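In the numbering used here, the protein residues as written are 76 to 712.
Here it is as C-alpha cells:
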C-alpha cells in the first residue's frame, strides 16, 4: 500500500509518548511512578532502535513494556509496525485484536494511538486479502481521526486494490478540500484517474503532489511511469526522465556522506560471473515470461552465479520456479537498505523495474552501488534518467544507432545492443488450442486489442475508427478491466458514436478469471491492432502465440518500436506500418486476405516457438557475452 502504516514521524511520536503512557496508566493504576518513568525510557529506546534499523533490539524493549502493561498501546503499535514490515501478519492481528476491534467498544477508544492501530490492522488484513475486514479497520481509523487524511487515502487505495473504481471515485468526492494539499490523497486521486483512463488528469494530480514533496522519489517514479502513456513520441518523455532523474540524483547525493556515483570498473576475468536480478515482479507476472527462460539456461552454466531479489509482497509458484534457478534467492518485501545485495559481491545487478510500481530506486540512488555495475533491462520501456544505471540492454530495432533515418531518444545509460532481440519469450505451460479463423464462421473480421487501456490514445481510436469506416465488414473487440466502470465504457464509446459508428460493432470486455481464459479471448479475434506510441510487449507475444497477426505503427521511441522489433525478428516486417496512412493500407490488406489469415493462424504459433524470439539457448549465450563485455567496459554504442 502506497504510504503504508510503516511511515510515521519518529520525532513527533516521541513527544506524544509521555502523555499517551499517562493515559494508559489511568487504566493500570498499579504502575508506580518509578516504573512509569522506566517504561517511558524503554519506549524511547525501542523507538530509537527502530529508527536506526535495529528491529530485534526494539522488539526487546517493547516486549518488556508489554510484560509490565499488557496491551500498552504505544508498545503494541510500534511492535506491530515491525511485525507488519517483516510480513508477520498473523502476529500483528493477534497483538492488536484485543486493542483495535472495529465492531466492539474498547477501553482504549479515546487513546491517541488507537486510530493508528486500526490502520496497521487494516494493512495486515489487506495483505492477507481479507478486503472487507481491512476496510472496516480503515473506516474505523478515519472515523476516530477524520483530520488525518492518510486514513482517507488508505480507504481509496483499498477500493482500488479490489477494483472498486466507482466506490473509490465516490469516496474521493467526499474528502475535504484540504485533501488537494495532501500528498497521499493526491497520489490516490492520481491512481483513480489512471484506472479511469484519464492519463492527463493523473499526471496533473501527480504534479500537484510533487510540488508538495519534490524529493519524494516514489511520486516522481509514478509521474515518469505515467508519462510513457502520453500521445508524445520521440525524445520528449525521455528528456523528462533525464531532467527529473538528474535533479533527484543530485538531491540524494548531497544528503549522503558518499556523494560519488561509482563508475563501471574493468576488472580481470573471473572464473564465475556474479549477476543478480532485482524486481517487485518475481512472481506470476509478464516479467517472468522473459526472465525464466534466461534463468533456466544460466542455471546450467558453471561460469555464472545468479541471485534473485524479490521485492514482491508475496511469493507464488512462479516465484518458486525463479528461486529454483538461482544460486541465491532473497525475499525482501520492504527492504530498508541494500546491504543484503552488497554481501553477494555482484559484478552486475539488473534492475527489472525502472520506475514501475514497487521499484527499489529510492534505495538504489540514495546509497553507494551494491554491485560493480547496474543495468536497466526489460521491465521498463524507457531510460531511468539516472547516471546510477550504467547500461541499458536493448536491440538494434528498438534503439537503432543514429543515422540518416534514425534518431533514437536520449538515454542516461549506455546502450548495449543484444542480438538479435533484447527479449526471449517463454509461453505459459497451458495454452488454449488455436481455433479456426473466427470470421470464417461469422463472416465478419474482428479486430482486437487487449493492451492496457491507457495505451489506447484518442489518436489511436481515431485511426481505428477510420479502419472501421473504410471496412464495413469489420468489428472491434477491446478488453480491459477498466470497463468494469460504466463511466469509462461510456467515455470510450463517445468517439465512435460521434463518428456514426454503429456501437454494435464495438465490443468491450472486462477481466477474465485466469490467464487461460484471457488467452481464449483471441479465439474471437482475426488480427490484433497494436497501440501507439506505446506498443504492447507481452500482449504482442500472446496475440502471436494464439495465431493472431499484430499490426503495429512504428514510432521514434523505444516504447513505440518494441512490437516492430518482435515482428522483425519473427519475419513479418509487412505488419509494421511506417505512418498512419500505411497503417490503414496494411489493415486493408489483412482484412481482404481472409484465406491468407487462416493459413497464418494455423502456422504462427509454431513459427514463433521456433524463432530466435523463443530460442533461450542462443539468447542466453548472447546475454552472457554482453554481460562480460559490460564488466570489461566494452562500449557497444
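Just so it is clear, CB atoms sit at the ideal spot from N, CA and C, and this is done for glycine as well. A quick note: this is a predicted structure, and the numbers were derived from the prediction, not measured.
Check your understanding: How would you label residue 529, buried or exposed, when you count the other beta carbons within 10 angstroms and need 16 or more for buried?
Key -> Taking the first residue of the chain shown as position 1, residue 529 is located at position 454. The residue in question, residue 529, is buried, as its Cβ has 16 or more Cβ neighbours within 10 Å.
Review point. Is residue 406 helix, strand or coil by DSSP?
Key: Translated into positions along the chain shown, residue 406 becomes position 331. Looking at residue 406 - three-state DSSP - the assignment turns out to be strand.
Exercise for review: Determine the DSSP secondary structure at residue 413, reduced to helix, strand or coil.
Suggested key: The sequence position of residue 413 within the chain shown is 338, counting from 1. Here residue 413 sits in coil by DSSP.
Practice item. Please name the residue in 354, 486, 448 and 537 whose C-alpha comes closest to that of residue 428. Key: Residue mapping note: residue 428 aligns to position 353 of the chain shown, counting from 1. It is 354 whose Cα lies nearest to the Cα of residue 428.
Exercise for review: Take residue 645 and list the residues in its own chain whose beta-carbon comes closer than 8 Å to its own, dropping the five residues that flank it on each side.
Suggested key: In the chain shown, residue 645 corresponds to position 570, counting from 1. The answer, listed in chain order, is 619, 682, 683, 686 and 688.
Practice item. Would you check if the distance between the CB atom of residue 457 and the CB atom of residue 316 is smaller than 8 Å? Key: Counting from 1 along the chain shown, the entry for residue 457 is found at position 382. Counting from 1 along the chain shown, the entry for residue 316 is found at position 241. The answer is yes: Cβ separation under 8 Å.
Practice item. State yes or no: is the C-beta of residue 580 within less than 8 Å of the C-beta of residue 610? Key: If you number the chain shown from 1, residue 580 lands on position 505. If you number the chain shown from 1, residue 610 lands on position 535. For residue 580 and residue 610, no; Cβs fall outside 8 Å.
Check your understanding: Is residue 549 near residue 542, with beta carbons less than 8 Å apart?
Key -> In the chain shown, counting from the first residue as 1, residue 549 sits at position 474. In the chain shown, counting from the first residue as 1, residue 542 sits at position 467. For residue 549 and residue 542, yes; Cβs fall inside 8 Å.
Review point. Can you give the beta carbon distance from residue 380 to residue 402, rounded, assuming they're within the 8 Å contact cut?
Key: Reading the chain shown from its first residue, position 305 is the one you call residue 380. Reading the chain shown from its first residue, position 327 is the one you call residue 402. Correct: roughly 5 Å between the Cβ atoms.
**Study point:** Which of helix, strand or coil DSSP assigns to residue 643
**Key:** Taking the first residue of the chain shown as position 1, residue 643 is located at position 568. Residue state, collapsed to three classes: helix.
Exercise for review: State the Cα-Cα distance for the pair residue 335 and residue 326, rounded to the nearest angstrom.
Suggested key: The sequence position of residue 335 within the chain shown is 260, counting from 1. The sequence position of residue 326 within the chain shown is 251, counting from 1. Unreliable placement is indicated for residue 335, whose pLDDT of 43 sits below 50; no coordinate value is reported for it.
Check your understanding: Going by beta carbon distance, what residues of the same chain come within less than 7 Å of residue 666, once the five residues before and after it are set aside?
Key -> On the chain shown, position 591 is the one that residue 666 refers to. Within the same chain, residue 666 has close Cβ partners 520, 546 and 549.
Review point. Do the segment 144-155 and the segment 389-404 make contact, defined as three or more Cβ pairs closer than 8 Å?
Key: no
Review point. Would the segment 619-628 and the segment 451-467 be scored as touching if the rule is three or more Cβ pairs under 8 Å?
Key: no
Exercise for review: Pull up the CB-CB distance for residue 312 and residue 288, whole angstroms please, since I reckon it's below 8 Å.
Suggested key: Numbered from 1 along the chain shown, position 237 holds the residue referred to as residue 312. Numbered from 1 along the chain shown, position 213 holds the residue referred to as residue 288. That belief does not hold up - the Cβ atoms of residue 312 and residue 288 are roughly 22 Å apart, past 8 Å.
Review point. Closest by CA to residue 721, which one among 272, 163, 165 and 655?
Key: Residue numbering for the chain in the displayed model covers 76 to 712; residue 721 lies beyond these limits and cannot be assessed.
Review point. Considering residue 564, what are the terminal residues of the alpha helix (DSSP H) in which it resides?
Key: Working through the chain shown from its first residue, we reach residue 564 at position 489. Taken as a continuous stretch (DSSP letters only), the alpha helix (DSSP H) holding residue 564 covers 561-573.
Point to revise | Validate contact between the segment 189-197 and the segment 212-220 using beta carbons, cut 8 Å, 3 pairs | key: yes
Exercise for review: May I have the straight-line CA-CA distance separating residue 445 from residue 567, to the nearest angstrom?
Suggested key: Residue 445 sits at position 370 when you count from the first residue of the chain shown. Residue 567 sits at position 492 when you count from the first residue of the chain shown. Rounded to whole angstroms, residue 445 to residue 567 spans 46 Å at the Cα level.
Practice item. Excluding the 5 residues preceding and the 5 following residue 372 in the sequence, name in chain order all residues of the same chain whose CB lies nearer than 7 Å to its CB. Key: Against the chain shown, residue 372 aligns to sequence position 297. 691, 692 and 695, listed in sequence order.
Practice item. Would you mind reading off the limits of the beta strand (DSSP E) that contains residue 677? Key: Translated into positions along the chain shown, residue 677 becomes position 602. Here residue 677 belongs to no beta strand (DSSP E); instead the alpha helix (DSSP H) covers 669-684.
Point to revise | residue 632 versus residue 415 - alpha carbon distance | key: Working through the chain shown from its first residue, we reach residue 632 at position 557. Working through the chain shown from its first residue, we reach residue 415 at position 340. Distance between the alpha carbons of residue 632 and residue 415 is about 35 Å.
Check your understanding: Where in the segment 267-310 do unbroken runs of the alpha helix (DSSP H), each at least 4 residues long, occur, reported from the N-terminal end onward?
Key -> 274-287 and 292-302
Check your understanding: For residue 521, which residues does DSSP report across the bridge?
Key -> As a first step, residue 521 must be located in the chain shown, where it is residue number 446. DSSP output for residue 521 lists 550 as bridge partner(s).
Practice item. Can you have a look at residue 702 and say buried or exposed, based on whether 16 or more other CB atoms are within 10 angstroms of its CB? Key: Taking the first residue of the chain shown as 1, we reach residue 702 at position 627. Buried, because 16 or more other Cβ atoms sit within 10 Å of the Cβ of residue 702.
Review point. So, is residue 700 buried or exposed, given that buried needs 16 or more other C-beta atoms within 10 angstroms?
Key: Walking along the chain shown from the start, residue 700 turns up at place 625. So residue 700 ends up on the exposed side.
Review point. How would you label residue 418, buried or exposed, when you count the other beta carbons within 10 angstroms and need 16 or more for buried?
Key: Against the chain shown, residue 418 aligns to sequence position 343. Classification of residue 418: exposed, given that the 10 Å Cβ count is below 16.
Review point. For residue 383, which beta-bridge partners are listed by DSSP?
Key: Here residue 383 is taken as the residue at index 308 of the chain shown, counted from 1. Answer is 352 and 404, bridged to residue 383.
Practice item. Evaluate residue 497 with the Cβ neighbour count: other Cβ atoms within 10 Å of its Cβ, from every protein chain shown; 16 or more gives buried, anything less gives exposed. Key: One-based indexing of the chain shown puts residue 497 at position 422. So residue 497 counts as buried.
**Study point:** Buried/exposed call for residue 569, threshold 16 Cβ in 10 Å
**Key:** Indexing the chain shown from 1 puts residue 569 at position 494. By the 10 Å Cβ count, residue 569 comes out exposed.
Review point. Buried or exposed: which applies to residue 670, given that a residue is buried once 16 or more other Cβ atoms fall within 10 Å of its Cβ?
Key: Here the question's residue 670 lines up with position 595 in the chain shown. Answer is exposed; the Cβ neighbour count stays below 16.
Exercise for review: Label residue 706 either buried or exposed according to how many other C-beta atoms from any shown protein chain fall within 10 Å of its C-beta, with 16 as the threshold for buried.
Suggested key: As a first step, residue 706 is located in the chain shown; it is residue number 631 there, counting from the start. Under this definition residue 706 is a buried residue.
Exercise for review: Starting from residue 468, follow its DSSP beta bridges and name the residues at the other end.
Suggested key: Locating residue 468 in the chain shown gives position 393, where the first residue counts as 1. 452 and 491, per the DSSP bridge assignment.
Point to revise | Residue from 177, 393, 281 and 163 with nearest C-alpha to residue 501 | key: Here residue 501 corresponds to residue number 426 of the chain shown, with the count starting at 1. If we check each option's Cα against that of residue 501, 393 comes out closest.
Point to revise | Three-state secondary structure (DSSP) of residue 334 | key: Against the chain shown, residue 334 aligns to sequence position 259. Summary for residue 334: the model assigns pLDDT 41, below 50, so the residue's position carries little reliability, and this model does not support an answer.
Exercise for review: Compute every distance between the C-beta of residue 547 and the non-hydrogen atoms of the ligand ZN, then say whether any falls below 7 Å.
Suggested key: Here there are no bound small molecules, and the ligand ZN is not part of this structure.
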